[in-house]
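Line by line, the protein sequences give chains A and B. Residues in the first sequence are numbered consecutively from 4, following this note's numbering. Residues in the second sequence are numbered consecutively from 290, following this note's numbering. From the three backbone atoms N, C-alpha and C, an ideal C-beta is built for every residue, glycine too. Below you'll find the structure, written out as structure tokens, and then a few comments.
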Amino acid sequence: VANFVLFPCRYACMGCEITLPHTEKADHEEVCEFRLYSCPCPGTVCKWQGTMDAIMPHLTKMHEYITTIEGEDIIFLATSINLVGAYDWVMIQSCLGVRFMLVLQKQEDHNGGQQFFAVVQLLGTSKEAENFAYRLELKGNRRRLTWEATPLPIHEDIAKAIKNRDCLTFDANTALLFAENDDLSINVVITK
Amino acid sequence: RTHRVPKEVRVEPQKFAEELIHRL
Numbered sequence: 004v005a006n007f008v009l010f011p012c013r014y015a016c017m018g019c020e021i022t023l024p025h026t027e028k029a030d031h032e033e034v035c036e037f038r039l040y041s042c043p044c045p046g047t048v049c050k051w052q053g054t055m056d057a058i059m060p061h062l063t064k065m066h067e068y069i070t071t072i073e074g075e076d077i078i079f080l081a082t083s084i085n086l087v088g089a090y091d092w093v094m095i096q097s098c099l100g101v102r103f104m105l106v107l108q109k110q111e112d113h114n115g116g117q118q119f120f121a122v123v124q125l126l127g128t129s130k131e132a133e134n135f136a137y138r139l140e141l142k143g144n145r146r147r148l149t150w151e152a153t154p155l156p157i158h159e160d161i162a163k164a165i166k167n168r169d170c171l172t173f174d175a176n177t178a179l180l181f182a183e184n185d186d187l188s189i190n191v192v193i194t195k
Numbered sequence: 290r291t292h293r294v295p296k297e298v299r300v301e302p303q304k305f306a307e308e309l310i311h312r313l
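In structure tokens:
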């Protein structure tokens with residue numbers, strides 16, 4: 004009998020209106036966009052979980068070092084990029100009616116080599132993310148390095164994108180070509 | 290034609306916490 008009955012998603016109380024056979028219920032609930040999301044801050048041990056609407060209030064309250072800037076075309080100026088060790092530079096760009104998390108991450112390998120990764124994540128669903136494109140550009144000294152892609156949706160892990168090199172990737176030597184006084188200027192342009 | 294200068298925001302580095310945990 005259960006095969007003929009449609010069950011509500013476990014996140015129905017959060018707004019999901021989907022009903023489906025019990026055989027498909029678990030698969031749907033794993034990707035349901037009404038489920039709780041983890042804090043998107045990279046490299047932190049924040050255990051917060053909440054709904055999509057609660058993410059931005061959480062970031063401004065609990066991660067107050069994250070600055071928000073308005074505009075589709077902005078300059079993300081990462082300071083002190085030559086510090087030894089692994090670091091994140093994080094900010095929020097608000098434009099086109101939505102918000103994006105901009106992340107520059109520096110990692111060190113076992114040989115002391117440094118890699119930089121820059122990526123943009125929409126604080127929204129994968130369906131919404133498909134409507135946008137972002138461009139990250141390093142410019143200066145008669146050189147230009149550009150990466151263009153669709154922003155990651157909120158449920159995709161930034162760490163996974165970095166692991167897959169699905170982001171702007173460059174090493175410390177390249178960073179030095181574009182840096183001025185230990186500061187790296189990244190032009191971020193978001194389009195619909 | 291005028292060229293709009295994009296707004297610039299200075300972003301300070303944050304210590305990558307996962308690395309700190311690994312060091313403990």
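Handout entry: Cβ neighbours of residue 175 of chain A in the same chain (closer than 6 Å, five flanking residues each side left out)
Key = These residues qualify, in order along the chain: 117.
Exercise for the section: State whether the region 182–195 of chain A contacts the region 48–57 of chain A, with contact taken as three or more CB pairs (one from each stretch) at a distance under 8 Å. Expected result: By the Cβ criterion, the region 182–195 of chain A is not in contact with the region 48–57 of chain A, since fewer than three pairs of Cβ atoms, one from each stretch, lie closer than 8 Å.
Handout entry: Amino acids of chain B, ordered along the chain, whose beta-carbon sits closer than 7 Å to that of residue 137 of chain A
Key = Within chain B, no residue comes near residue 137 of chain A; the closest Cβ sits about 14 Å away, beyond 7 Å.
Exercise for the section: Using beta-carbon positions only, say whether residue 93 of chain A and residue 45 of chain A come within less than 9 Å of one another. Expected result: With respect to the 9 Å criterion, residue 93 of chain A and residue 45 of chain A are classified as neighbours on the basis of their beta carbons.
Problem - Reduced DSSP category for residue 20 of chain A - H, G, I as helix; E, B as strand; rest coil - result: The three-state secondary structure of residue 20 of chain A, taken from DSSP, is coil.
Practice task
May I have the straight-line CA-CA distance separating residue 148 of chain A from residue 119 of chain A, to the nearest angstrom?
Solution key: Rounded to whole angstroms, residue 148 of chain A to residue 119 of chain A spans 13 Å at the Cα level.
Practice task
Just the C-alpha distance for residue 170 of chain A and residue 6 of chain A, rounded to the nearest angstrom, thanks.
Solution key: Each residue's alpha carbon lies about 43 Å from the other.
Problem - DSSP three-state assignment for residue 56 of chain A, whether helix, strand or coil - result: Here residue 56 of chain A sits in helix by DSSP.
Exercise for the section: Determine, using beta carbons only, whether residue 68 of chain A comes closer than 9 Å to chain B. Expected result: It does; some Cβ of chain B falls within 9 Å.
Problem - Proximal residues to residue 129 of chain A (C-beta, below 6 Å), its chain only, five neighbours per side dropped - result: Once the five neighbours on either side are set aside, the close Cβ partners of residue 129 of chain A are 156.
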